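Trainee: Please find one structure pasted underneath; my questions will follow.
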């Protein structure tokens, strides 16, 4: 009887925000605006870190990579979500769902790792300033960024394979706006113990360990800043890492709250929290780094007159 109840699922239906039928057009407009803001804001950061001589430092090298990561991360989710809202066709094939999940978790791991690398960069700059050019040379920076991008691939590929090796027998409807591990596990049947071990192991390795490294770095940064004799020096030292700290709080805060809630079912609150760390925080990142960073503002001021000047000459 149990085997007869297991049906072969060839596609899923992403319910998304279908429980708000009267707001589909409004949500499409909001998410389109957010996505365009992410592309424009993070794209501008990438351009500034490439063309501005004042931003040719390890800190802005990491920031440019982080902005590119944010564009990739949101592009895995938002275009599909916009298509679902516009066409009201919410079905997604098994292969497309697996592909989305795979890129989603890999890029999510990269984000956690890159945030810890950026915290380490600030630690070296503030706590060991004399050795900063030696420790954070171009080769080391490239290796840290490359490691952040590729180190999560094997484990996340394994998790994706384990998820889609499970039979799906409860339903083919996913109460989410994207293919994520939790909603897929809710419609899966069979033994999920191996997958759960992989998930917990991956969370410790790619979420908790980077978080511990970030906390450790900022403990040492704060201890060093407090010992500085000049108030101006303390303010300048803290301002160099305040943007990164703000992003860490927003991203980790929403992700931890979202994944630590009871998971008997996915509610509207869970989906809003997922939206926050998947698309809202990437939208705010360029604003945070621009408003809190004098170097970025100065580079933007220098770039804009050149752009307008070249446009007028044409």
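In my numbering, the protein residues as written are 75 to 388.
Beta carbons are placed, not taken as given, at the ideal position from N, Cα and C, and that holds for glycine.
Note that the structure is a prediction, hence the values are computed from the model and not measured.
1. Output needed for residue 351: all residues of its chain with C-beta closer than 6 Å, excluding positions within five of it in sequence on either side, in chain order.
2. Return the chain-ordered list of same chain residues with a C-beta closer than 6 Å to the C-beta of residue 190, the five sequence neighbours on each side being excluded.
3. So what does DSSP say about residue 86, is it helix, strand or coil?
4. Are the beta-carbon atoms belonging to residue 193 and residue 317 less than 7 Å from one another?
5. Do residue 258 and residue 233 have their CB atoms nearer than 7 Å?
6. Exposed or buried, which one is residue 86 when buried takes at least 16 other CB atoms within 10 Å?
7. With residue 166 as the anchor, note down where its beta strand (DSSP E) starts and where it stops.
8. By the DSSP assignment, the alpha helix (DSSP H) with residue 152 in it spans what residues?
9. Taking 7 Å as the threshold (C-beta atoms), are residue 166 and residue 88 in contact?
10. Helix, strand or coil: how does DSSP classify residue 188 here?
11. By a C-beta neighbour count over all protein chains shown, 10 Å radius and 16 as the cutoff for buried, is residue 345 buried or exposed?
12. Which whole runs of the alpha helix (DSSP H) in the region 282–334 are 4 residues long or more, in chain order?
13. Between the alpha carbons of residue 217 and residue 128, how many angstroms are there, rounded?
14. Considering just the uninterrupted stretch of the alpha helix (DSSP H) at residue 204, what are its terminal residues?
15. Three or more C-beta pairs closer than 8 Å, one from the region 112–119 and one from the region 135–153: is that the case here?
16. Is it the case that the Cβ atoms of residue 276 and residue 229 are separated by a distance below 7 Å?
17. Considering only residues of the same chain and omitting the five flanking positions on each side of residue 199, which have a CB-CB separation below 6 Å?
18. Please classify residue 99 as buried or exposed, where buried requires at least 16 other C-beta atoms within 10 Å of its C-beta.
19. Who are the Cβ neighbours of residue 139 in its own chain at under 7 Å, not counting the five residues just before and after it?
20. Rounded to whole angstroms, what is the Cα-Cα separation between residue 250 and residue 178?
21. Straight-line CA distance for residue 84 to residue 315?
22. Using DSSP with H/G/I as helix, E/B as strand and the rest coil, what is residue 251?
23. Could you tell me the distance, in whole angstroms, from the CA atom of residue 374 to the CA atom of residue 204?
24. Nearest to residue 92 by CA position, among 108, 126, 152, 160, is which residue?
25. I'd like the span of the alpha helix (DSSP H) that includes residue 277, first residue to last.
26. Consult DSSP for residue 242 and reduce its assignment to one of helix, strand or coil.
27. Could you please give me the residues that DSSP links to residue 262 through a beta bridge?
28. Going by C-alpha to C-alpha distance, which of 370, 301, 238 sits closest to residue 176?
Mentor: In short:
1. Residue numbering aside, residue 351 sits at position 277 when the chain shown is read from its first letter. Only 325, 328, 329 meet the Cβ criterion.
2. As a first step, residue 190 is located in the chain shown; it is residue number 116 there, counting from the start. Within the same chain, residue 190 has close Cβ partners 284, 287, 288.
3. Residue mapping note: residue 86 aligns to position 12 of the chain shown, counting from 1. Residue 86 falls in the strand class under three-state DSSP.
4. Sequence index remark: in the chain shown, residue 193 carries index 119 (1-based). Sequence index remark: in the chain shown, residue 317 carries index 243 (1-based). It is not a contact, given that the beta carbons lie outside the stated cut-off.
5. As a working mapping, residue 258 is identified with position 184 in the chain shown. As a working mapping, residue 233 is identified with position 159 in the chain shown. For residue 258 and residue 233, no; Cβs fall outside 7 Å.
6. Here residue 86 corresponds to residue number 12 of the chain shown, with the count starting at 1. Residue 86 is buried by the Cβ-count criterion.
7. Counted from its first residue, the chain shown places residue 166 at position 92. First-last of the beta strand (DSSP E) with residue 166: 165–167.
8. Your numbering for residue 152 matches position 78 in the chain shown. Here the alpha helix (DSSP H) through residue 152 covers 152–161.
9. Your numbering for residue 88 matches position 14 in the chain shown. Your numbering for residue 166 matches position 92 in the chain shown. The answer is yes: Cβ separation under 7 Å.
10. Here the question's residue 188 lines up with position 114 in the chain shown. The answer is helix: DSSP assigns residue 188 an H, G or I state.
11. Position 271 of the chain shown, counted from the first residue, corresponds to residue 345. Per the 10 Å Cβ criterion, buried.
12. 283–300, 305–334
13. For the purposes of this step, residue 217 is taken as residue 143 along the chain shown, with counting starting at 1. For the purposes of this step, residue 128 is taken as residue 54 along the chain shown, with counting starting at 1. Computed Cα separation, rounded: 22 Å.
14. Here residue 204 corresponds to residue number 130 of the chain shown, with the count starting at 1. No alpha helix (DSSP H) contains residue 204, which DSSP labels as neither H nor E.
15. yes
16. The residue labelled residue 276 in the question sits at position 202 within the chain shown. The residue labelled residue 229 in the question sits at position 155 within the chain shown. For residue 276 and residue 229, yes; Cβs fall inside 7 Å.
17. Along the chain shown, one-based indexing puts residue 199 at 125. 206, listed in sequence order.
18. Taking the first residue of the chain shown as position 1, residue 99 is located at position 25. The residue in question, residue 99, is exposed, as its Cβ has fewer than 16 Cβ neighbours within 10 Å.
19. Taking the first residue of the chain shown as 1, we reach residue 139 at position 65. 188, 219.
20. What you label residue 250 is simply residue 176 of the chain shown in a count that begins at 1. What you label residue 178 is simply residue 104 of the chain shown in a count that begins at 1. Distance between the alpha carbons of residue 250 and residue 178: 14 Å.
21. Taking the chain shown and counting its residues from 1, one reaches residue 84 at position 10. Taking the chain shown and counting its residues from 1, one reaches residue 315 at position 241. Residue 84 and residue 315: Cα-Cα distance of roughly 48 Å.
22. Your numbering for residue 251 matches position 177 in the chain shown. Coil, per DSSP.
23. The residue given as residue 374 occupies position 300 in the chain shown. The residue given as residue 204 occupies position 130 in the chain shown. Each residue's Cα considered, the two are about 29 Å apart.
24. Here residue 92 refers to the residue found at position 18 when the chain shown is read from its first residue. The shortest Cα separation from residue 92 among 108, 126, 152, 160 belongs to 160.
25. In the chain shown, counting from the first residue as 1, residue 277 sits at position 203. From DSSP, the alpha helix (DSSP H) with residue 277 extends over 267–277.
26. What you label residue 242 is simply residue 168 of the chain shown in a count that begins at 1. Strand.
27. In the chain shown, the residue the question calls residue 262 occupies position 188. Residue 262 pairs with 242.
28. As a first step, residue 176 is located in the chain shown; it is residue number 102 there, counting from the start. Ranking 370, 301, 238 by Cα distance to residue 176 puts 238 first.
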